[in-house]
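Participant:
Number of protein chains: 2
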Amino acid sequence: MESNLNLPLAKDIEKAYGLICEHVSRTPVLESRSVNRFLGCSVFFKCENFQRVGAFKFRGATHAVLRLNDAEAAQGVITHSSGNHAAALALAASQRGIPAYIVMPENAPEIKKKAVAGYGGIITFCAPTQTDREQTMLRIKAETGATFIHPYDNFNVICGQGTASLELMQQNPELDIVVAPVGGGGLLSGTATYVKGRYPNVQVFGAEPLNADDAHRSLRDRTIYPSIKPQTIADGLLTSLSPLTFSILSAHCDGIITVPEQLIVEAMRMVWERMKIIVEPSSAVPVAAIMQKPDLFRGKRVGIIISGGNVDLDRLPWQR
Amino acid sequence: MESNLNLPLAKDIEKAYGLICEHVSRTPVLESRSVNRFLGCSVFFKCENFQRVGAFKFRGATHAVLRLNDAEAAQGVITHSSGNHAAALALAASQRGIPAYIVMPENAPEIKKKAVAGYGGIITFCAPTQTDREQTMLRIKAETGATFIHPYDNFNVICGQGTASLELMQQNPELDIVVAPVGGGGLLSGTATYVKGRYPNVQVFGAEPLNADDAHRSLRDRTIYPSIKPQTIADGLLTSLSPLTFSILSAHCDGIITVPEQLIVEAMRMVWERMKIIVEPSSAVPVAAIMQKPDLFRGKRVGIIISGGNVDLDRLPWQR
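Here it is in structure tokens:
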């Protein structure tokens, strides 16, 4: 599969960082002797669970919003999402004082509706089908002139997400490997672009639930497979690659490690118990990848992008 | 009540820090815009939940162990405890390569027995009565010559605990108020000694469950009240003040704020949800104190010592 897409470079991520660094939190990198002993390597957790809105998504959304010119910005931004991207875009827009139109399925969890509304997002509910989502989005976009900000098939969003690994490398430059979770591929694309661009000897892996292994298969077979009704606890990793993320990962990613559900739950609980930080299931997937492939990581210095910490505390996976 | 006790000074805590700083983790100080908005002040969380063994107790235990001369050390240390102090003393002793004898009630939770054993503690079980605890401890002490390390009625332990606020003040010197939880008073004594000694204009408050308000009553009435079967979720704060901690707090503490159980649970959940860190109920008590007395804290810069993060993830308070 050939691509004529404009792929980001490390310098685009550095420029993005210059634009957003005053708006995003510089999240800490945490280590734990106990975790290192358990995993058999030295792990550096880049804690985007401490990022504003509780997820790395705020980086990409902020960058996309700040890249709009004043005329575009005045008409606002729009997306269809029920997850962290919607909350991130709502907050990023409100920080610039512009409207964010969020199309959400009417059956989205109450907690997510409240989060988006709390950040000032203007919600329109739609039927819970892909068709109605997109039609509702297009209708409101036509009415308002708002700019559509895709959660990951977007150059500026990807550059924003890459700033997490830029900070990580500033904080811990001596890494051998960096691992990020992969759903639609925005975070992993930004990560691979930056790390491979500036530190070509560092390996970059994606980590993916075995039950949602479309990225693994897509890169292996060099074609984008859709992610069809995946059953995984890692609810941030349900989507499939896009043309842009597929192209970037084909160029820069050293591989995708797939992990079974049970290991994701075990890794998540291990991080909670030993690190004392709250990470969402999607963030436990890279940790599970280390447990899945111990030989690959043994004795290495490994950076992990902890993608977020938005978890329903009334429904923890080990209690189901 | 007069005291001839030798009270620690700020310089004793500085000396303690010189001795232990390579052995303890320099824990981060975290902030959250969302929490600050919620509480109406700027809060700086000194994250001792990230300390080794998951609690500040490792500071005091390490200091007490390092203060032993070689002859004393060779005979080991002993304590009776089922909590964080036991785990901390076991690890501190194993780091120096000396034995730690831990007397635990036979009905202690399995998770705590495992933690102490995992850190190399030599456990002796006793009947779950204060009398049998002490007799068992004295018997083993006589047999081994081990030095008894009280969890808080101990000069060196208190100096060790004070190093958490020493680091906090290095990390965020512009505080108006510092709040720490109070059970036996070791952490609050170290905190008040250091902060009042070096920053006399900073206020230091203790925070205590209303259902275990013996420290509040003891300081008010100038006599040590025992803590009799207190019913509180804050299981680290069940003990009463000792002669030493009573004397220190009488000299240096600006007051104790008591908080109802419901507010402790609410504060704990708020910290989990907004900070994405795991704190134990005892650590939520100072946060609840801010919610209880908003006028006292409004607009101020407030340091909180997050005492620990050891929580049974199968039994969270909002699920009972």
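Heads up: the protein sequence lines correspond to chains L and V, in order. In case it helps, the numbering used here puts the first sequence at residues 423 to 742. In case it helps, the numbering used here puts the second sequence at residues 423 to 742. Using N, Cα and C, we set each Cβ at its ideal position, and we do this for glycine too. On a predicted model such as this, the values are computed, not experimentally measured, just so you know.
Starting from L:Cys-469 and walking both ways along the beta strand (DSSP E), at which residues does that stretch end?
Facilitator: One-based indexing of the first sequence puts residue 469 of chain L at position 47. Note, L:Cys-469: beta strand (DSSP E), 464–469.
Participant: Looking at chain L, is there any beta carbon in it that lies within less than 7 Å of the beta carbon of V:Asn-759?
Facilitator: Limits of chain V in this structure are 423 at one end and 742 at the other, which puts residue 759 of chain V out of reach.
Participant: As a quick exercise: from V:Asp-434, V:Ser-454, V:Asn-471, V:Ile-727, pick the residue whose alpha carbon is nearest that of V:Ala-602.
Facilitator: Taking the first residue of the second sequence as 1, we reach residue 602 of chain V at position 180. Comparing Cα-Cα distances from V:Ala-602 to each of V:Asp-434, V:Ser-454, V:Asn-471, V:Ile-727, the minimum goes to V:Ile-727.
Participant: If contact is defined by three or more beta carbon pairs under 8 Å, each pair taking one atom from either stretch, is the segment 584–599 of chain L in contact with the segment 450–467 of chain L?
Facilitator: Counting Cβ pairs under 8 Å, three or more are found: they touch.
Participant: Output yes or no for whether 7 Å exceeds the beta carbon distance between V:Val-701 and V:Ala-656.
Facilitator: Along the second sequence, read from residue 1 onward, the residue named residue 701 of chain V stands at position 279. Along the second sequence, read from residue 1 onward, the residue named residue 656 of chain V stands at position 234. Going by C-beta atoms, V:Val-701 is not nearer than 7 Å to V:Ala-656.
Participant: Indicate the three-state DSSP secondary structure (helix, strand or coil) for L:Tyr-647 in the structure shown.
Facilitator: Position 225 of the first sequence, counted from the first residue, corresponds to residue 647 of chain L. If DSSP states are grouped into helix, strand and coil, L:Tyr-647 belongs with coil.
Participant: Any idea which residues DSSP pairs V:Phe-480 with across the strands?
Facilitator: As a working mapping, residue 480 of chain V is identified with position 58 in the second sequence. According to DSSP, V:Phe-480 bridges with nothing at all.
Participant: Is the distance from the Cβ of L:Thr-613 to the Cβ of L:Ser-587 below 7 Å?
Facilitator: Counting from one through the first sequence, the residue named residue 613 of chain L turns up at place 191. Counting from one through the first sequence, the residue named residue 587 of chain L turns up at place 165. In contact: L:Thr-613 and L:Ser-587 (Cβ atoms closer than 7 Å).
Participant: Could you round the C-beta distance between V:Met-690 and V:Pro-739 to whole angstroms and report it? I think they count as a contact, below 8 Å.
Facilitator: Stepping through the second sequence from its first residue, residue 690 of chain V is reached at position 268. Stepping through the second sequence from its first residue, residue 739 of chain V is reached at position 317. Between V:Pro-739 and V:Met-690 the Cβ distance is about 7 Å, and since that is below 8 Å, they are a contact.
Participant: Name the chain V residues whose beta carbon is nearer than 9 Å to that of L:Ile-700?
Facilitator: Numbered from 1 along the first sequence, position 278 holds the residue referred to as residue 700 of chain L. Ordered by position in chain V, the residues that pass the 9 Å Cβ test against L:Ile-700 are Trp-694, Glu-695, Met-697, Lys-698, Ile-699, Ile-700.
Participant: Under 7 Å Cβ-Cβ, which residues of chain L neighbour V:Gly-731?
Facilitator: To locate residue 731 of chain V, count along the second sequence from 1; it is residue 309. Neighbours of V:Gly-731 on chain L, chain order: Lys-698.
Participant: Secondary structure at V:Pro-603, three-state DSSP: helix, strand or coil?
Facilitator: Start at 1 with the first residue of the second sequence, and residue 603 of chain V comes out as number 181. DSSP places V:Pro-603 in strand when its eight states are reduced to three.
Participant: Does the segment 526–535 of chain L come into contact with the segment 426–444 of chain V, if we say contact requires no fewer than three beta-carbon pairs (one atom in each stretch) closer than 8 Å?
Facilitator: Contact fails: fewer than three Cβ-Cβ distances are below 8 Å.
Participant: How big is the Cα-Cα spacing for L:Gly-567 and L:Gly-498?
Facilitator: Counting from 1 along the first sequence, the entry for residue 567 of chain L is found at position 145. Counting from 1 along the first sequence, the entry for residue 498 of chain L is found at position 76. So the two alpha carbons sit approximately 7 Å from each other.
Participant: Closest Cβ-Cβ distance between L:Pro-450 and chain V: below 7 Å?
Facilitator: Start at 1 with the first residue of the first sequence, and residue 450 of chain L comes out as number 28. Yes, contact with chain V.
Participant: How close, in whole Å, do the beta carbons of V:Gly-606 and V:Thr-667 come, if the pair is a contact with beta carbons under 8 Å?
Facilitator: For the purposes of this step, residue 606 of chain V is taken as residue 184 along the second sequence, with counting starting at 1. For the purposes of this step, residue 667 of chain V is taken as residue 245 along the second sequence, with counting starting at 1. That pair is a contact at about 6 Å.
Participant: Roughly how many angstroms separate the alpha carbons of V:Gly-721 and L:Arg-459, rounded to a whole number?
Facilitator: Along the second sequence, read from residue 1 onward, the residue named residue 721 of chain V stands at position 299. Along the first sequence, read from residue 1 onward, the residue named residue 459 of chain L stands at position 37. Roughly 43 Å between the two C-alpha positions.
Participant: Among V:Glu-494, V:Val-538, V:Glu-453, V:Arg-481, which residue has its Cα nearest to the Cα of V:Gly-505?
Facilitator: Along the second sequence, one-based indexing puts residue 505 of chain V at 83. Of the listed residues, the one whose Cα sits closest to V:Gly-505 is V:Val-538.
Participant: Here's the rule I'm using: 16 or more other beta-carbon atoms within 10 Å means buried, otherwise exposed. How should L:Thr-551 be labelled?
Facilitator: In the first sequence, the residue the question calls residue 551 of chain L occupies position 129. Burial call: exposed.
Participant: Taking the C-alpha atoms as reference points, what is the distance between L:Lys-715 and L:Asn-428?
Facilitator: Position 293 of the first sequence, counted from the start, is the residue given in the question as residue 715 of chain L. Position 6 of the first sequence, counted from the start, is the residue given in the question as residue 428 of chain L. Rounded to the nearest angstrom, the two C-alpha atoms are 34 Å apart.
Participant: Just to confirm the assignment, what range does the beta strand (DSSP E) spanning L:Val-626 have?
Facilitator: Within the first sequence, the letter at position 204 stands for residue 626 of chain L. 625–631 is the extent of the beta strand (DSSP E) around L:Val-626.
Participant: Kindly indicate which residue of V:Arg-555, V:Val-604, V:Lys-618 has the alpha-carbon position closest to the one of V:Ser-705.
Facilitator: Here the question's residue 705 of chain V lines up with position 283 in the second sequence. Cα-wise, what sits closest to V:Ser-705 is V:Val-604.
Participant: Name, please, each residue of chain V whose Cβ falls closer than 7 Å to the Cβ of L:Leu-685.
Facilitator: Locating residue 685 of chain L in the first sequence gives position 263, where the first residue counts as 1. In chain order: nothing, as chain V lies at least about 17 Å away.
Participant: Taking L:Asn-471 as the reference, which of V:Ala-486, V:Gly-476, V:Ser-454 has the closest Cα?
Facilitator: One-based indexing of the first sequence puts residue 471 of chain L at position 49. The shortest Cα separation from L:Asn-471 among V:Ala-486, V:Gly-476, V:Ser-454 belongs to V:Ser-454.
Participant: How long is the line joining the alpha carbons of L:Met-423 and L:Ser-640, rounded to whole angstroms?
Facilitator: Here the question's residue 423 of chain L lines up with position 1 in the first sequence. Here the question's residue 640 of chain L lines up with position 218 in the first sequence. Bear in mind that a pLDDT of 46 at L:Met-423, under 50, signals an unreliable position, so the number given afterwards is only what the model happens to contain. When rounded, the distance between both Cα atoms is 11 Å.
Participant: Cα-Cα, which of V:Glu-589, V:Leu-735, V:Arg-642, V:Asp-554 is closest to V:Cys-443?
Facilitator: Position 21 of the second sequence, counted from the start, is the residue given in the question as residue 443 of chain V. Closest by alpha carbon: V:Glu-589.
Participant: Suppose contacts are defined by Cβ-Cβ distances below 7 Å. Is L:His-502 in contact with L:Arg-555 by that definition?
Facilitator: Against the first sequence, residue 502 of chain L aligns to sequence position 80. Against the first sequence, residue 555 of chain L aligns to sequence position 133. Their beta carbons are under 7 Å apart, which means L:His-502 touches L:Arg-555 by this criterion.
Participant: Restricting to Cα atoms, I'd like to know which of V:Glu-695, V:Phe-480, V:Phe-547 is closest to V:Gln-517.
Facilitator: To locate residue 517 of chain V, count along the second sequence from 1; it is residue 95. Closest by alpha carbon: V:Phe-480.
Participant: Beta carbons nearer than 9 Å to chain L: which residues of the segment 476–487 of chain V have them?
Facilitator: The residues in question are Gly-476.
Participant: Could you tell me the distance, in whole angstroms, from the CA atom of V:Phe-577 to the CA atom of V:Ala-522?
Facilitator: As a first step, residue 577 of chain V is located in the second sequence; it is residue number 155 there, counting from the start. As a first step, residue 522 of chain V is located in the second sequence; it is residue number 100 there, counting from the start. Cα-Cα distance, rounded: 19 Å.
Participant: Taking the alpha carbon of V:Val-457 as the reference point, which residue from L:Arg-474, L:Glu-494, L:His-445 has its own alpha carbon closest?
Facilitator: For the purposes of this step, residue 457 of chain V is identified with residue 35 of the second sequence, where counting begins at 1. Comparing Cα positions, the closest option is L:Arg-474.
Participant: Using DSSP with H/G/I as helix, E/B as strand and the rest coil, what is V:His-485?
Facilitator: For this step, residue 485 of chain V is matched to residue 63 along the second sequence. It is helical.
Participant: In whole angstroms, give me the CA-to-CA distance for L:Met-697 and V:Phe-478.
Facilitator: Here residue 697 of chain L refers to the residue found at position 275 of the first sequence. Here residue 478 of chain V refers to the residue found at position 56 of the second sequence. Whole-angstrom Cα-Cα distance: 15 Å.
Participant: Do L:Thr-680 and L:Leu-609 have their C-beta atoms within less than 7 Å of each other?
Facilitator: Start at 1 with the first residue of the first sequence, and residue 680 of chain L comes out as number 258. Start at 1 with the first residue of the first sequence, and residue 609 of chain L comes out as number 187. In this structure, L:Leu-609 does not lie closer than 7 Å to L:Thr-680 by Cβ.
Participant: Let me know if L:Leu-431 comes out buried or exposed under the rule of 16 or more other beta-carbons within 10 Å of its beta-carbon.
Facilitator: Here residue 431 of chain L refers to the residue found at position 9 when the first sequence is read from its first residue. Per the 10 Å Cβ criterion, exposed.
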